[in-house]
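Residue numbers (UniProt numbering), protein chains in the order written: chain A, 1 to 263; chain B, 1 to 263; chain C, 1 to 263; chain D, 1 to 263. Below is one structure, written out as structure tokens; the observations come after it.
4 protein chains.
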Amino acid sequence: MGHLSQKEYDTALEPLLHELSDAARWIQETGQRLMVLFEGRDTAGKGGSIHMFANTLNPRQCRVVALPSPSERERNQWYFQRYVEHFPAKGEISLFDRSWYNRAGVEAVMGFCTSEQVSSFLKAVPDFERQLVDDGIYLFKYWLCCDQEKQEERFADRLNNPLRRWKLSPVDHKARQLYDAYTEARERMLAATDSPHAPWTLVDYNDQRLGRLTLLRDLLDRLPDTKLPEENIPWSKLGHDPIKERYGVMTPIPSYRWNDRND
Amino acid sequence: MGHLSQKEYDTALEPLLHELSDAARWIQETGQRLMVLFEGRDTAGKGGSIHMFANTLNPRQCRVVALPSPSERERNQWYFQRYVEHFPAKGEISLFDRSWYNRAGVEAVMGFCTSEQVSSFLKAVPDFERQLVDDGIYLFKYWLCCDQEKQEERFADRLNNPLRRWKLSPVDHKARQLYDAYTEARERMLAATDSPHAPWTLVDYNDQRLGRLTLLRDLLDRLPDTKLPEENIPWSKLGHDPIKERYGVMTPIPSYRWNDRND
Amino acid sequence: MGHLSQKEYDTALEPLLHELSDAARWIQETGQRLMVLFEGRDTAGKGGSIHMFANTLNPRQCRVVALPSPSERERNQWYFQRYVEHFPAKGEISLFDRSWYNRAGVEAVMGFCTSEQVSSFLKAVPDFERQLVDDGIYLFKYWLCCDQEKQEERFADRLNNPLRRWKLSPVDHKARQLYDAYTEARERMLAATDSPHAPWTLVDYNDQRLGRLTLLRDLLDRLPDTKLPEENIPWSKLGHDPIKERYGVMTPIPSYRWNDRND
Amino acid sequence: MGHLSQKEYDTALEPLLHELSDAARWIQETGQRLMVLFEGRDTAGKGGSIHMFANTLNPRQCRVVALPSPSERERNQWYFQRYVEHFPAKGEISLFDRSWYNRAGVEAVMGFCTSEQVSSFLKAVPDFERQLVDDGIYLFKYWLCCDQEKQEERFADRLNNPLRRWKLSPVDHKARQLYDAYTEARERMLAATDSPHAPWTLVDYNDQRLGRLTLLRDLLDRLPDTKLPEENIPWSKLGHDPIKERYGVMTPIPSYRWNDRND
Numbered sequence: 001m002g003h004l005s006q007k008e009y010d011t012a013l014e015p016l017l018h019e020l021s022d023a024a025r026w027i028q029e030t031g032q033r034l035m036v037l038f039e040g041r042d043t044a045g046k047g048g049s050i051h052m053f054a055n056t057l058n059p060r061q062c063r064v065v066a067l068p069s070p071s072e073r074e075r076n077q078w079y080f081q082r083y084v085e086h087f088p089a090k091g092e093i094s095l096f097d098r099s100w101y102n103r104a105g106v107e108a109v110m111g112f113c114t115s116e117q118v119s120s121f122l123k124a125v126p127d128f129e130r131q132l133v134d135d136g137i138y139l140f141k142y143w144l145c146c147d148q149e150k151q152e153e154r155f156a157d158r159l160n161n162p163l164r165r166w167k168l169s170p171v172d173h174k175a176r177q178l179y180d181a182y183t184e185a186r187e188r189m190l191a192a193t194d195s196p197h198a199p200w201t202l203v204d205y206n207d208q209r210l211g212r213l214t215l216l217r218d219l220l221d222r223l224p225d226t227k228l229p230e231e232n233i234p235w236s237k238l239g240h241d242p243i244k245e246r247y248g249v250m251t252p253i254p255s256y257r258w259n260d261r262n263d
Numbered sequence: 001m002g003h004l005s006q007k008e009y010d011t012a013l014e015p016l017l018h019e020l021s022d023a024a025r026w027i028q029e030t031g032q033r034l035m036v037l038f039e040g041r042d043t044a045g046k047g048g049s050i051h052m053f054a055n056t057l058n059p060r061q062c063r064v065v066a067l068p069s070p071s072e073r074e075r076n077q078w079y080f081q082r083y084v085e086h087f088p089a090k091g092e093i094s095l096f097d098r099s100w101y102n103r104a105g106v107e108a109v110m111g112f113c114t115s116e117q118v119s120s121f122l123k124a125v126p127d128f129e130r131q132l133v134d135d136g137i138y139l140f141k142y143w144l145c146c147d148q149e150k151q152e153e154r155f156a157d158r159l160n161n162p163l164r165r166w167k168l169s170p171v172d173h174k175a176r177q178l179y180d181a182y183t184e185a186r187e188r189m190l191a192a193t194d195s196p197h198a199p200w201t202l203v204d205y206n207d208q209r210l211g212r213l214t215l216l217r218d219l220l221d222r223l224p225d226t227k228l229p230e231e232n233i234p235w236s237k238l239g240h241d242p243i244k245e246r247y248g249v250m251t252p253i254p255s256y257r258w259n260d261r262n263d
Numbered sequence: 001m002g003h004l005s006q007k008e009y010d011t012a013l014e015p016l017l018h019e020l021s022d023a024a025r026w027i028q029e030t031g032q033r034l035m036v037l038f039e040g041r042d043t044a045g046k047g048g049s050i051h052m053f054a055n056t057l058n059p060r061q062c063r064v065v066a067l068p069s070p071s072e073r074e075r076n077q078w079y080f081q082r083y084v085e086h087f088p089a090k091g092e093i094s095l096f097d098r099s100w101y102n103r104a105g106v107e108a109v110m111g112f113c114t115s116e117q118v119s120s121f122l123k124a125v126p127d128f129e130r131q132l133v134d135d136g137i138y139l140f141k142y143w144l145c146c147d148q149e150k151q152e153e154r155f156a157d158r159l160n161n162p163l164r165r166w167k168l169s170p171v172d173h174k175a176r177q178l179y180d181a182y183t184e185a186r187e188r189m190l191a192a193t194d195s196p197h198a199p200w201t202l203v204d205y206n207d208q209r210l211g212r213l214t215l216l217r218d219l220l221d222r223l224p225d226t227k228l229p230e231e232n233i234p235w236s237k238l239g240h241d242p243i244k245e246r247y248g249v250m251t252p253i254p255s256y257r258w259n260d261r262n263d
Numbered sequence: 001m002g003h004l005s006q007k008e009y010d011t012a013l014e015p016l017l018h019e020l021s022d023a024a025r026w027i028q029e030t031g032q033r034l035m036v037l038f039e040g041r042d043t044a045g046k047g048g049s050i051h052m053f054a055n056t057l058n059p060r061q062c063r064v065v066a067l068p069s070p071s072e073r074e075r076n077q078w079y080f081q082r083y084v085e086h087f088p089a090k091g092e093i094s095l096f097d098r099s100w101y102n103r104a105g106v107e108a109v110m111g112f113c114t115s116e117q118v119s120s121f122l123k124a125v126p127d128f129e130r131q132l133v134d135d136g137i138y139l140f141k142y143w144l145c146c147d148q149e150k151q152e153e154r155f156a157d158r159l160n161n162p163l164r165r166w167k168l169s170p171v172d173h174k175a176r177q178l179y180d181a182y183t184e185a186r187e188r189m190l191a192a193t194d195s196p197h198a199p200w201t202l203v204d205y206n207d208q209r210l211g212r213l214t215l216l217r218d219l220l221d222r223l224p225d226t227k228l229p230e231e232n233i234p235w236s237k238l239g240h241d242p243i244k245e246r247y248g249v250m251t252p253i254p255s256y257r258w259n260d261r262n263d
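So, in structure tokens, the structure goes:
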């Protein structure tokens with residue numbers, strides 16, 4: 001099928017964003033709660049996928065949860081505790097940029113926890129998630145896949161593009177040597193935590209644009225019919241000539257002289 | 001100068017984003033704290049300006065603070081209390097999509113608080129902000145201006161474009177009838193809270209792209225020299241053929257068939 | 001056996017408090033987590049029991065969790081969410097003055113939630129609590145019983161003693177008419193949520209002093225051996241005459257002249 | 001005047017607790033906010049003073065704030081930030097067991113912060129507190145004094161009484177060698193932060209019972225008249241014989257056999 005161009009992507013994405021927008025209104029008006037977990041290979045495209053949602057939706061409805069490393073106190077709490085406080089209330093969407101599955105991924109592979117902690121975690125997860133699903137939360141779990149060839153290309157881009165260099169975390173250099181170990185950790189995690197009530201969905205992100213379309217289409221297809229009658233927003237004529245800004249205390253600063261700079 | 005095209009904007013923006021990226025690294029490495037308040041006319045372009053930052057920066061460093069209406073308990077607290085908990089720690093950036101200035105803007109104009117509360121607020125702000133600036137926080141306060149003609153165009157776009165309709169809040173219809181009252185509230189607010197330690201900056205957002213460039217250029221110019229020596233990220237060859245994804249428990253779902261749908 | 005006098009109570013309590021103190025040190029030093037839920041009949045003696053713990057233990061280790069009515073946002077979250085954030089970290093004790101069981105008690109009897117919500121809650125609790133117990137948390141659930149005759153005496157005391165009148169909540173007057181309904185709600189709750197991993201313990205609080213001794217003895221008996229070797233706190237002589245307070249900027253206010261006032 | 005006996009203390013305290021209780025009702029019903037800071041010499045009696053309040057008042061109205069050492073992230077925030085979130089809402093009382101003044105006390109004396117940080121803190125405090133007082137918060141700041149002779153007695157008691165040994169913190173042993181340094185730090189702090197809007201009150205706690213009476217009397221005297229008309233709580237006869245507990249699922253555990261144990 002080849003790679004999608006930006007233009008092809010934009011064209012394909014547009015109708016999906018309209019459906020997403022409808023779904024968000026349905027969530028709001030019917031009081032649903034939606035949680036989407038974005039997990040996956042480093043560089044696969046979690047951030048870009050989350051931006052696809054966050055740039056379309058109301059930030060007061062849709063919250064991105066990207067937790068830092070746990071504090072000392074958090075490390076001594078129930079493992080799920082610091083995630084629970086970010087769960088959506090009715091009408092809300094929480095997008096998790098990584099999640100409790102850190103314990104079965106980076107923490108397990110990098111040795112940030114004991115293997116006993118990993119086993120306990122994998123055993124606890126299905127019941128934990130069933131609690132949420134039984135409570136009526138829509139829980140979607142996506143794992144974004146990509147081959148190491150793509151990963152290396154994207155690491156190289158981050159290395160060379162100052163705008164993306166912050167995406168290179170200290171563990172990345174080591175992580176790329178552990179591609180296989182991550183695969184094994186993922187397989188173990190899938191075997192233990194892919195459940196009827198909270199299934200995993202793997203999405204191929206070797207082409208990130210295609211990956212985003214695939215993920216979004218899948219998510220929309222798995223929600224019930226979210227079409228609501230069109231909103232009727234009463235809106236009248238202004239009734240007078242539009243008013244211009246007027247300034248007393250101070251005036252706007254001069255606009256950026258973009259022509260000059262780009263001569 | 002006319003309106004910037006998307007392409008002209010992208011070209012002009014690129015070098016500024018590199019400077020922003022440098023500034024973010026400087027904030028991180030030298031432990032600075034940056035707070036940017038985005039206030040202004042409805043539809044002026046707060047959200048788009050915030051996206052300009054947030055799409056470039058590390059979400060673990062740069063947090064968008066878009067608070068909902070205060071809860072019953074919050075309404076009974078010190079007015080600044082619920083904002084304080086979102087202040088940046090060293091190395092962090094907080095972008096406030098509206099801020100404590102709600103009290104002098106929408107709350108004052110719409111009558112959500114008493115005029116005595118507005119007066120107390122305006123009196124308290126300069127000292128409150130001096131505390132923060134004295135503590136070493138970089139505090140930038142932007143007010144985004146636009147004429148009502150532009151505002152009406154943008155309201156119409158929100159009304160007609162389902163992707164943006166969530167931006168039409170219930171108070172917007174009333175707010176547009178109060179364009180002048182908002183101007184007066186702004187002038188009063190500027191007179192009371194434009195201080196040497198925490199000055200206001202007005203930016204003309206009649207052309208939103210130009211407005212964003214102007215705001216970003218201004219912010220960068222007011223930071224000290226943020227250029228740090230280039231990072232030296234050690235990066236070695238992979239040392240073996242790149243590995244392909246392999247799947248045991250489950251395989252990725254089929255990719256979205258975008259060609260078919262767009263036939 | 002008759003009622004315990006204050007003196008008999010103090011004598012009997014003393015050795016138990018020493019054991020409690022040992023247990024707290026064991027919790028601290030071995031990184032245990034202890035949660036105690038205090039539920040029961042209105043006026044039974046939850047507050048006094050909690051004070052017995054809190055007055056003995058380090059407030060930085062032992063936290064009393066007495067949550068107010070849920071906020072609008074909390075009412076729209078996962079029911080357990082607002083409790084989870086108060087779970088103990090390693091080394092800590094959380095004493096819950098009422099708990100998630102509100103849903104099966106006051107909320108059910110008073111009609112603050114639907115009967116479907118009660119049923120869902122009762123179904124969810126055993127799994128929820130198993131998560132915590134499997135994670136290694138010590139979870140104790142006490143329900144404090146008393147006959148209505150005692151309850152009426154205590155309500156009368158609250159009514160007539162200004163120091164206790166705040167304990168009369170607005171629902172108390174109605175609640176006393178619903179003694180039987182509370183019994184039935186308790187029985188249903190016990191049937192659904194008394195589990196091998198998180199059993200309920202009923203304690204007779206018709207004599208509150210005896211009730212407190214009984215509860216504390218039971219809790220201590222169910223912890224493992226908490227005796228640790230005596231702490232060796234190095235402590236040397238002061239090495240000089242003790243110093244007296246001296247005052248420059250200001251002096252203490254005059255002490256309360258208690259003799260005069262009580263003439 | 002000599003030391004108060006327990007009985008004399010109880011007799012003198014009783015009417016003060018009634019006034020405190022009235023004041024709490026006044027705070028609740030008129031929507032006041034009260035903050036009391038308890039600072040002072042180690043062992044002076046902060047904890048006991050706080051218990052005097054907390055044992056009398058509704059824990060849902062009166063919160064004890066005893067913060068642990070700051071987390072890594074908190075150390076990188078605005079110094080006041082972690083305290084602000086515990087400020088009282090209308091109708092509430094916050095009792096601070098130590099407070100932001102740590103920076104001028106233990107942190108300064110023990111070298112947990114730089115002398116520049118102490119200076120900045122002392123300079124910032126009066127404005128910070130003025131913000132709160134201007135906002136209508138009642139702010140009381142008590143510093144509890146005692147001579148080293150008393151302090152040594154109390155340290156010895158903590159060392160020898162297992163029930164109080166948790167009160168011996170690791171820094172205590174060093175702190176007693178620094179009695180004079182603490183005095184100097186206090187004097188500097190008083191000079192910088194005793195302000196007309198938020199004055200300090202020193203209370204002599206060489207006799208702790210007398211100290212508590214003195215502190216409470218002072219606080220009550222500085223509140224406005226808090227007497228409200230008596231509450232009229234409607235209360236009817238029960239209308240039937242009181243009901244006895246009856247048990248289906250399980251029965252209360254046997255009561256503690258205190259006689260036997262104390263033979």
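Even glycine gets a Cβ: it sits at the ideal position worked out from N, Cα and C.
Does the CB of residue i have a neighbour CB from chain C at under 9 Å?
{"i": "S94/D", "result": "no"}
{"i": "S21/B", "result": "no"}
{"i": "E72/B", "result": "yes"}
When DSSP builds the beta bridges, which residues end up paired with residue i?
{"i": "M250/C", "result": "Beta-bridge pairing links M250/C to no other residue."}
{"i": "S99/A", "result": "Answer is none; S99/A lacks a bridge partner."}
{"i": "V203/D", "result": "L144/D"}
{"i": "Y179/A", "result": "DSSP lists no partner for Y179/A."}
Would you mind sorting residue i into buried or exposed? The rule is 16 or more other CB atoms within 10 Å of its CB.
{"i": "W258/A", "result": "buried"}
{"i": "L210/B", "result": "buried"}
{"i": "L228/B", "result": "exposed"}
{"i": "N161/B", "result": "exposed"}
Using a Cβ cut-off of 9 Å, pull out every chain B residue sitting near residue i, in sequence order please.
{"i": "A191/A", "result": "G248 and V249"}
Run through chain A and tell me which residues come within less than 7 Å of residue i, C-beta to C-beta.
{"i": "L159/B", "result": "I233 and W235"}
Any Cβ of chain B within less than 9 Å of the Cβ of residue i?
{"i": "R75/C", "result": "no"}
{"i": "Q81/D", "result": "yes"}
Can you pull the chain C residues whose beta carbon is under 9 Å from the beta carbon of residue i, in chain order?
{"i": "E85/B", "result": "Correct list: empty, because the minimum Cβ distance to chain C is about 14 Å."}
By Cβ distance, which residues of its chain are closer than 7 Å to residue i, with the 5 residues on each side in sequence left out?
{"i": "I27/C", "result": "L34, G91 and I93"}
{"i": "G48/C", "result": "Q208 and R212"}
{"i": "V109/A", "result": "L178, A181, Y182 and A185"}
To which residues of the same chain is residue i closer than 8 Å at the C-beta, ignoring the five residues directly before and after it?
{"i": "E116/D", "result": "none"}
Could you name the residues of the same chain whose beta carbon sits closer than 6 Å to that of residue i, not counting the 5 residues immediately before and after it, in chain order?
{"i": "K167/B", "result": "R158"}
Within the 9 Å Cβ cut-off, does residue i reach chain D?
{"i": "P68/A", "result": "yes"}
{"i": "R103/C", "result": "no"}
Do residue i and the ligand ADP come close, with the Cβ less than 8 Å from some heavy atom?
{"i": "Y142/A", "result": "Questions concerning the ligand ADP fall outside what the structure shown contains, since it holds no ligand whatsoever."}
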